[in-house]
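Asks:
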Amino acid sequence: METNEKPVAQSKHQLTEAYNISYLTLQRWLEPIKDELGEYRGRAYTPKQVQMIYDLLGRP
1 METNEKPVAQ SKHQLTEAYN ISYLTLQRWL EPIKDELGEY RGRAYTPKQV
51 QMIYDLLGRP
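For the sequence shown, the positions run 1 to 60 when full-length UniProt numbering is used.
1) According to DSSP, what are the bridge partners of Gln10?
2) For Tyr23, does the three-state DSSP call read helix, strand or coil?
3) In angstroms, rounded to a whole number, what distance separates the CA positions of residue 103 and Gln49?
4) Between Pro7 and Pro47, is the Cβ-Cβ spacing less than 8 Å?
5) When the Cα of Asp35 is compared with those of Tyr19, Met52, Leu15 and Leu24, which residue comes out closest?
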């Protein structure tokens with residue numbers, strides 16, 4: 001698997017599907033970085049925010 005792929009914007013639903021977890025689990029996993037992650041605006045996390053999530057959780 002190529003690890004230098006750039007992340008794309010993803011919704012919370014897409015992330016829960018990718019990690020095969022519930023919405024509540026995603027919220028709990030993201031709690032430690034919520035201040036750094038910033039606000040969830042619109043319908044998706046930005047590519048920069050998705051990269052931060054990948055750094056915390058690893059790629060799905």
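Ideal placement from N, C-alpha and C gives every residue a C-beta, glycine not left out.
Replies: According to the data block:
1) Tyr45
2) helix
3) Missing from the structure shown is residue 103; the chain here goes from 1 to 60 and no further.
4) yes
5) Met52
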